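Below: one structure, written as structure tokens.
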Amino acid sequence: MTTSTLPHKFGPYGGQFVPEVLIPAVTELERAYLEARADPAFQRELDHLLATYVGRPTPLTFAGRLTAELGGAQIYLKREDLAHTGAHKINNALGQALLAQRMGKRRIIAETGAGQHGVASATVAALLGMECIVYMGSVDIARQQPNVQRMMLLGAEVRPVESGSRTLKDAVNEAIRDWVTNVRDTYYLLGSALGPHPYPTMVRDFQAVIGREAREQMLTQVGRLPDECIACVGGGSNAIGLFDAFRDDEGVALVGVEAGGDGLHTGRHAARFSDPKLGRPGVLHGAYTYVLQTEDGQVADTHSISAGLDYAAVGPEHALLHDTERAVYTTADDRQALAAFQLLARCEGILPALESSHAVAEAARLAPLLGRDKILLVNLSGRGDKDLDSVLKALKEQA
Amino acid sequence: MNGIEHIQSAFEAARAEQRAALMPYCTIGYPSRAATLDVLEAVARAGADLIELGVPFSDPLADGPTIQRSTQVALEQGMTVAGCLEITAQLRARGVTQPLMLMGYINPLLAYGLQRFCRDAQAAGADGLIIPDLPPEEAGELVAACREHGLALIYLLSPASPAERIATVVAQTSGFLYLVSLTGVTGARSSLPPELPAFVERVREAAPSLPLAVGFGIATPEHARQVGQLADGVIVGSALVDAIGKAADPVEAAGEFVAGLRKGMEE
Numbered sequence: 001m002t003t004s005t006l007p008h009k010f011g012p013y014g015g016q017f018v019p020e021v022l023i024p025a026v027t028e029l030e031r032a033y034l035e036a037r038a039d040p041a042f043q044r045e046l047d048h049l050l051a052t053y054v055g056r057p058t059p060l061t062f063a064g065r066l067t068a069e070l071g072g073a074q075i076y077l078k079r080e081d082l083a084h085t086g087a088h089k090i091n092n093a094l095g096q097a098l099l100a101q102r103m104g105k106r107r108i109i110a111e112t113g114a115g116q117h118g119v120a121s122a123t124v125a126a127l128l129g130m131e132c133i134v135y136m137g138s139v140d141i142a143r144q145q146p147n148v149q150r151m152m153l154l155g156a157e158v159r160p161v162e163s164g165s166r167t168l169k170d171a172v173n174e175a176i177r178d179w180v181t182n183v184r185d186t187y188y189l190l191g192s193a194l195g196p197h198p199y200p201t202m203v204r205d206f207q208a209v210i211g212r213e214a215r216e217q218m219l220t221q222v223g224r225l226p227d228e229c230i231a232c233v234g235g236g237s238n239a240i241g242l243f244d245a246f247r248d249d250e251g252v253a254l255v256g257v258e259a260g261g262d263g264l265h266t267g268r269h270a271a272r273f274s275d276p277k278l279g280r281p282g283v284l285h286g287a288y289t290y291v292l293q294t295e296d297g298q299v300a301d302t303h304s305i306s307a308g309l310d311y312a313a314v315g316p317e318h319a320l321l322h323d324t325e326r327a328v329y330t331t332a333d334d335r336q337a338l339a340a341f342q343l344l345a346r347c348e349g350i351l352p353a354l355e356s357s358h359a360v361a362e363a364a365r366l367a368p369l370l371g372r373d374k375i376l377l378v379n380l381s382g383r384g385d386k387d388l389d390s391v392l393k394a395l396k397e398q399a
Numbered sequence: 400m401n402g403i404e405h406i407q408s409a410f411e412a413a414r415a416e417q418r419a420a421l422m423p424y425c426t427i428g429y430p431s432r433a434a435t436l437d438v439l440e441a442v443a444r445a446g447a448d449l450i451e452l453g454v455p456f457s458d459p460l461a462d463g464p465t466i467q468r469s470t471q472v473a474l475e476q477g478m479t480v481a482g483c484l485e486i487t488a489q490l491r492a493r494g495v496t497q498p499l500m501l502m503g504y505i506n507p508l509l510a511y512g513l514q515r516f517c518r519d520a521q522a523a524g525a526d527g528l529i530i531p532d533l534p535p536e537e538a539g540e541l542v543a544a545c546r547e548h549g550l551a552l553i554y555l556l557s558p559a560s561p562a563e564r565i566a567t568v569v570a571q572t573s574g575f576l577y578l579v580s581l582t583g584v585t586g587a588r589s590s591l592p593p594e595l596p597a598f599v600e601r602v603r604e605a606a607p608s609l610p611l612a613v614g615f616g617i618a619t620p621e622h623a624r625q626v627g628q629l630a631d632g633v634i635v636g637s638a639l640v641d642a643i644g645k646a647a648d649p650v651e652a653a654g655e656f657v658a659g660l661r662k663g664m665e666e
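Sequence lines, in order, name chains D and P.
Heads up: the first sequence begins at 1 in the numbering used here, then just goes up one per residue.
Heads up: the second sequence begins at 400 in the numbering used here, then just goes up one per residue.
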């Protein structure tokens with residue numbers, strides 16, 4: 001049995017701020033994860049399924065027409081939208097589901113915002129023959145119908161969450177309440193690099209395949225590393241998965257893009273790092289990290305056109321990367337994300353997820369400011385088919 | 400007498416009467432800001448030995464629907480951490496002498512400032528803190544602040560806690576131990592969990608001299624009587640909050656409900 005443990009914190013951030021009933025569960029999870037990580041058979045099975053089921057490696061695409069249109073830095077896209085189920089979420093869902101199987105847990109619970117993690121969880125549960133229950137805020141259910149239908153067809157039960165703001169934050173609350181209640185036989189398949197230790201570390205590790213592949217692909221296809229890596233940040237799993245491989249490459253800037261919603265000045269956004277009035281270190285969902293909150297420490301309501309970024313806290317490792325300035329965090333608002341969605345669709349024939357559109361928006365802002373010799377690597381974390389209703393509605397409102 | 404001693408004396412006084420101590424829970428600011436003080440006073444006068452005062456938080460992840468709703472109502476009416484401390488002080492001013500435990504989640508306390516919170520809680524007349532999302536490993540700064548201000552910091556144990564975990568928590572709690580009767584969130588249940596006696600027994604062996612109070616799921620005078628025979632304290636929250644919420648006269652309902660529990664425990 002492995003006796004060593006992983007670091008519980010990233011600088012001051014992270015930890016295990018959970019009810020006592022979950023302490024044995026997170027301890028057991030950490031032990032099981034350490035053992036699995038050290039077991040070549042586990043890694044082999046994961047790699048095999050990533051290749052033959054998920055479709056990895058995902059391609060690195062040069063966005064030639066977009067680059068020409070913007071007239072500056074070259075833009076490359078890491079195509080997580082081409083992974084099975086249409087987003088990076090499957091990398092983590094598969095890793096954790098294999099771990100759950102190894103731990104002998106047959107019941108999987110998950111939270112979802114945009115529905116991508118819910119779909120990924122329902123998918124791996126079907127693949128491995130497990131029961132799957134997905135908690136989803138009723139606001140998100142209304143705006144991400146295609147994903148709700150997919151989850152149901154995959155055999156999962158979608159439980160609407162009516163408490164609080166009825167979005168991702170509340171879905172996490174309900175998933176944790178279920179976990180607290182059914183802790184003995186249930187595995188909580190958390191979908192982002194947040195929550196109590198060991199989730200932020202474990203989810204990062206399962207998503208790090210994105211950055212490992214992209215770094216290798218940059219070197220073989222382009223012959224050098226990018227100048228900037230750009231990813232959207234809700235909980236932050238696609239971003240940390242991309243950043244991880246580049247963190248020691250001094251010349252590579254890491255850029256996280258938060259949801260600016262209606263604009264920072266309106267207070268209706270999900271910009272934990274960019275609005276110091278609302279975003280301050282605190283505790284939400286088991287971790288000490290940046291949390292959008294009122295002066296009285298109540299968690300603030302958030303807003304974003306993209307359900308996956310509509311979240312009041314952020315993964316604790318991002319909090320450390322922010323404080324140490326190894327990564328910079330910027331925002332794109334709803335309008336900019338929507339414009340980027342259309343731009344990518346028309347220039348490259350790719351409909352990006354509204355989440356990923358925030359990263360595209362930052363690339364579109366930056367590229368014209370930089371020379372043609374510069375390279376931007378954008379994590380295209382998911383595809384946009386799920387967002388057609390939201391996009392068409394928003395475009396109509398703009399018109 | 401500091402908070403820890405005050406709490407211990409309440410358990411001793413109940414024990415001297417050969418019964419368990421009754422510890423009702425109410426959310427501060429529920430059912431309304433105007434009524435909360437009268438409700439709490441009624442609870443105190445109806446036979447509570449200690450009182451747990453809920454400090455509302457927007458995301459109470461250890462709580463079931465009843466207490467979630469009550470905290471939401473309190474927040475909608477503008478209840479704040481400072482407001483909770485004010486109510487605590489006013490309760491003392493009305494002559495309520497029982498030990499008062501502030502029960503709340505860690506984030507609002509962090510926002511208020513842990514040092515400042517403990518100082519102001521002591522000044523308001525609180526005796527201890529119960530923070531369900533703060534296990535001992537994360538409590539360093541709050542432990543120091545509580546010690547400085549004579550406040551008890553009460554930890555929780557669950558039926559899922561293995562022996563080594565029980566030992567760890569027992570060594571660090573002060574005042575009493577809060578035994579969560581079941582794996583789950585707060586909320587009234589129709590019956591008590593069958594494994595409760597064995598759980599209380601396991602903790603008793605590890606902590607022969609600490610008062611053990613059991614909460615979660617205790618809803619009726621009969622439940623309170625049964626738990627009172629196992630443990631040193633009986634905590635009732637959701638069922639009381641529910642009774643307060645449903646009644647035309649919440650003050651009267653609170654008093655009657657607590658008196659009923661107390662009567663059950665004396666049978």
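Every residue gets a Cβ at the ideal spot worked out from N, C-alpha and C, and that includes glycine.
Since the model is a prediction, treat every value here as computed from it, not as a measurement.
Who are residue i's beta bridge partners in DSSP?
{"i": "K78/D", "result": "L60/D, N379/D"}
{"i": "D275/D", "result": "D275/D pairs with nothing; no bridge assigned."}
{"i": "L94/D", "result": "Paired residues: none, contrary to the question."}
{"i": "L556/P", "result": "L578/P"}
{"i": "I634/P", "result": "M422/P"}
{"i": "T186/D", "result": "R107/D"}
Please state whether DSSP places residue i in a helix, a strand or coil.
{"i": "M130/D", "result": "coil"}
{"i": "E451/P", "result": "strand"}
{"i": "V400/D", "result": "The structure shown does not extend to residue 400/D, since chain D spans only 1 to 399, so no value can be given for it."}
{"i": "L338/D", "result": "helix"}
{"i": "A208/D", "result": "coil"}
{"i": "V158/D", "result": "strand"}
{"i": "T181/D", "result": "helix"}
{"i": "F516/P", "result": "helix"}
{"i": "M502/P", "result": "strand"}
{"i": "E228/D", "result": "strand"}
{"i": "P561/P", "result": "coil"}
{"i": "K9/D", "result": "strand"}
{"i": "I109/D", "result": "strand"}
{"i": "M136/D", "result": "strand"}
{"i": "P316/D", "result": "helix"}
{"i": "Y288/D", "result": "strand"}
{"i": "R414/P", "result": "helix"}
{"i": "R247/D", "result": "coil"}
{"i": "T619/P", "result": "coil"}
{"i": "D310/D", "result": "coil"}
So, residue i versus residue j, is the Cβ gap smaller than 8 Å?
{"i": "G632/P", "j": "F575/P", "result": "yes"}
{"i": "D532/P", "j": "L460/P", "result": "yes"}
{"i": "G315/D", "j": "S237/D", "result": "yes"}
{"i": "T55/D", "j": "A25/D", "result": "The displayed chain sequence assigns Gly, not Thr, to residue 55/D. Cβ distance not < 8 Å, so G55/D and A25/D don't count as in contact."}
{"i": "D185/D", "j": "R106/D", "result": "yes"}
{"i": "C545/P", "j": "C517/P", "result": "yes"}
{"i": "Q467/P", "j": "S163/D", "result": "yes"}
{"i": "E404/P", "j": "P423/P", "result": "no"}
Tell me the rounded alpha-carbon separation between residue i and residue j.
{"i": "C347/D", "j": "I75/D", "result": "12 Å"}
{"i": "L552/P", "j": "A543/P", "result": "10 Å"}
{"i": "L278/D", "j": "R215/D", "result": "35 Å"}
{"i": "F656/P", "j": "N506/P", "result": "31 Å"}
{"i": "G384/D", "j": "L351/D", "result": "5 Å"}
{"i": "A638/P", "j": "P620/P", "result": "11 Å"}
{"i": "L591/P", "j": "L578/P", "result": "13 Å"}
{"i": "V257/D", "j": "E20/D", "result": "35 Å"}
{"i": "T2/D", "j": "P146/D", "result": "Unreliable positioning characterises T2/D in this predicted model, as indicated by a pLDDT of 44, which lies under 50. The coordinate reading is nonetheless provided below. Answer to the nearest angstrom: the Cα atoms are 43 Å apart."}
{"i": "A570/P", "j": "S560/P", "result": "14 Å"}
Taking residue i as the query, report the chain P residues whose CB atoms sit under 7 Å from its CB, ordered along the chain.
{"i": "R177/D", "result": "L460, V584"}
So residue i contacts chain D; which residues on that side make the cut at Cβ distance below 9 Å?
{"i": "D532/P", "result": "F17, V18, P19, V283, G286"}
{"i": "F456/P", "result": "G297, Q298, V299"}
Mind listing the chain D neighbours of residue i? Cutoff is C-beta to C-beta under 7 Å, in chain order.
{"i": "Y511/P", "result": "G297"}
Give the interface partners of residue i over in chain P, defined as CB-CB distance under 8 Å, in chain order.
{"i": "Q293/D", "result": "N506, A510"}
Under 8 Å between beta-carbons, which chain D residues line up against residue i? List them in chain order, please.
{"i": "P561/P", "result": "P24"}
{"i": "V480/P", "result": "D296, G297"}
Going along chain P, which residues have a C-beta under 9 Å from residue i?
{"i": "R184/D", "result": "A559, T582"}
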